[in-house]
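Last residue of the sequence shown: 78 (the numbering used here), numbering continuous.
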Amino acid sequence: MALILSDINLLCKLVLIYGVFLVFNLGFIYFVIRLVFFAFLKKIDPKNAVEIPITFDWVKRERQAKRYAKSVEGLS
Numbered sequence: 003m004a005l006i007l008s009d010i011n012l013l014c015k016l017v018l019i020y021g022v023f024l025v026f027n028l029g030f031i032y033f034v035i036r037l038v039f040f041a042f043l044k045k046i047d048p049k050n051a052v053e054i055p056i057t058f059d060w061v062k063r064e065r066q067a068k069r070y071a072k073s074v075e076g077l078s
């Protein structure tokens, strides 16, 4: 029984370690793909491509700011 529990414990540790490793690798691959996409397909200078935020929230904020500016211009 102790041997089975130690095997299960070892298996759990291996799954945990592999899972963490896999998540970090997928995150890194995602970051590299986004970096390449923005640097080459969007014609952004590669030295500035590192400063690109990870989420698309900045696009939403820019659009909201433009809509707000248009609405303010319409009022005056």
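All C-beta atoms in this analysis are idealised placements derived from N, C-alpha and C, irrespective of residue type, glycine included.
Linking Val-25 to Gly-76 through their CA atoms gives a straight-line distance of about 48 Å. Just so you know, the alpha carbons of Ile-19 and Gly-29 end up roughly 16 Å apart. Pairing Gly-21 with Ala-67, the inter-Cα distance amounts to about 40 Å.
Cβ contact annotation for Leu-16 (same chain, cutoff 7 Å, sequence separation greater than five): none.
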